[in-house]
Each structure stands twice: as C-alpha cells, then as structure tokens.
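Taking our numbering, I'd label the letters of the sequence shown as residues 257 to 474.
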Amino acid sequence: MSAEEIYLGRERSLSASGSLREAHSGKGEGMFPNDNRERMSHIVFRCKQGEREALGTLYKMYKQRIYNIAYRMTSNHADSEEIVQEVFLKVYRKIGSFRGDSSFACWICRIAVNQSHSYWRRKGNREGNKLVPLSEKENLLQQGTDGKRALFHTYIQQAIASLPMSCRAIFVLHDIEGFTHQEISAIQGCSIGASKSLLAKARLKMRRYLQPHMGLMG
C-alpha cells in the first residue's frame, strides 16, 4: 500500500487528538503474499543449497516491497533501483547466516533499511526536500481530484523525507509497511519502547508538515 493510499484512503482526516490513526492492522509478515514460515524455510533451504531458481523466487516475492522501502527512505528512484540490486546481492551472499530467529521478512527488510540508510548518508537526500514548483502545483490543481491527490502524494513524500532517519525508518516500517513494534525491534535492533517513541515523534512531525495541505484531501 502506498503512502498516497494510506492518507487519501484510510487516513481521510486527522483524529481529534491530533495523532494519525493506524494505517495498517495487519502484521508485517502478512504484507508479503504466501510468506509463511514453512514455505520460507523451504525456499531459504534451497537458496542455501545454491539454487538460483529459489533466489529468483525470493526476488519476485520481495523486489517491489524492498523498492518501496528504499524509495520511502531515500526519496530517489535511481538509488532505490540500485538498493534493490544490492539487497539481493547481500541476501545471496549472507543467506547462510539466516537462522530463523526472526521471520525472513524481518531479516531481508533489515538489510533493505540498512542499505537505504547507507545510500542516504553517502549521497544525501537529493529529491525529497525539493519544493514543488508553482507551475506544477497549478497544473495539478487544474486537473481536479486526481491532480490534488497527486499533489498531496508529493507532500507526503516530502514529509517523510523531512523526518530524521531514525524516525523515518520506524514510520516507514510501521505505518506504511505494516510491521508490528515487536517486528521492528528485531529489524532495527531497538527496544519496543524506543520503536513506539520514535513512531510518535515521526507522526507528530508528519502531522505538522501536512497540516497546511490537508485541504487537498477534500
């Protein structure tokens, strides 16, 4: 589910208390079709045996979700494409270290978040903080509802890009990707309490950033 769908669909308005309502009720593991423990154990075992077909199966299952995480973290399409490739190269090289202590989804997303953080730190945020040109705003607004939706989607990405990286990672994993705080604790190597605290900070910053643009939601 994209950030646009979250805020224009299930997040039609801010709650009376001012906090963003939950974007997902599902588990992070459930965000990956047919990603159950038994099947994943079989695929991972085949990968450890060097079966390229099994690695191809993992790629098909996870490539879009990994790209989504990378883009939300870096705000850069080209970097996100590179990150996807780097993630699967690391998976191929490190699959032998996966012991199943956490779900495979948590394991591969930890690699994706770390790789995204590395790219962002190295190259900086080239796209996310750029303001939308006035001419582009006017053009989108003239397109009616669809244009407003597209413009608000742009503001959402800018808002995510404005978050400190620690808050951004938690927000992306929880409110966009649907992972629980317990799963995020495994992915990020932080306590559940820290995950909840960083999410609260991220939502507050997101709300403040998006408040002037809420009129676009109708």
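Every residue gets a Cβ at the ideal spot worked out from N, C-alpha and C, and that includes glycine.
One thing to note: Ala450 has its Cβ no nearer than 7 angstroms to the Cβ of Phe427. Around Ile299, the same chain offers Ala310, Thr313 and Leu314 as residues with beta carbons nearer than 7 angstroms, after the five sequence neighbours per side are excluded. DSSP places Val369 inside the alpha helix (DSSP H), whose first and last residues are Phe360 to Lys379. Residue state for Asn324 is assigned as helix, using DSSP reduced to three classes.
Less than 7 angstroms divides the Cβ of Ala368 from the Cβ of Ile322. By the Cβ neighbour-count rule, Asp357 is exposed, with fewer than 16 other Cβ atoms within 10 Å of its own. Two segments are said to touch when three or more pairs of C-beta atoms, one from each, lie closer than 8 angstroms; by this definition the stretch 332-348 does not touch the stretch 405-417. Non-local beta-carbon contacts of His469 in its own chain, meaning distances under 7 angstroms to residues more than five positions away in sequence, involve Phe408 and Tyr411 in chain order.
Of the other Cβ atoms in all chains shown, 16 or more fall within 10 Å of the Cβ of Asn324; this residue is therefore buried. Of the other Cβ atoms in all chains shown, 16 or more fall within 10 Å of the Cβ of Glu342; this residue is therefore buried. With 16 or more other Cβ atoms inside 10 Å of its own Cβ, Asn332 counts as buried. Non-local beta-carbon contacts of Ala425 in its own chain, meaning distances under 6 angstroms to residues more than five positions away in sequence, involve Val369 in chain order. By the neighbour-count definition (other C-beta atoms within 10 Å, threshold 16), Leu429 is a buried residue. In the three-state DSSP reduction, Gly445 falls in the coil class, being neither helix nor strand. With a 10 Å radius around the Cβ and a threshold of 16 neighbouring Cβ atoms, Phe301 comes out exposed. Taken through DSSP and simplified to helix, strand or coil, Gly312 comes out as helix.
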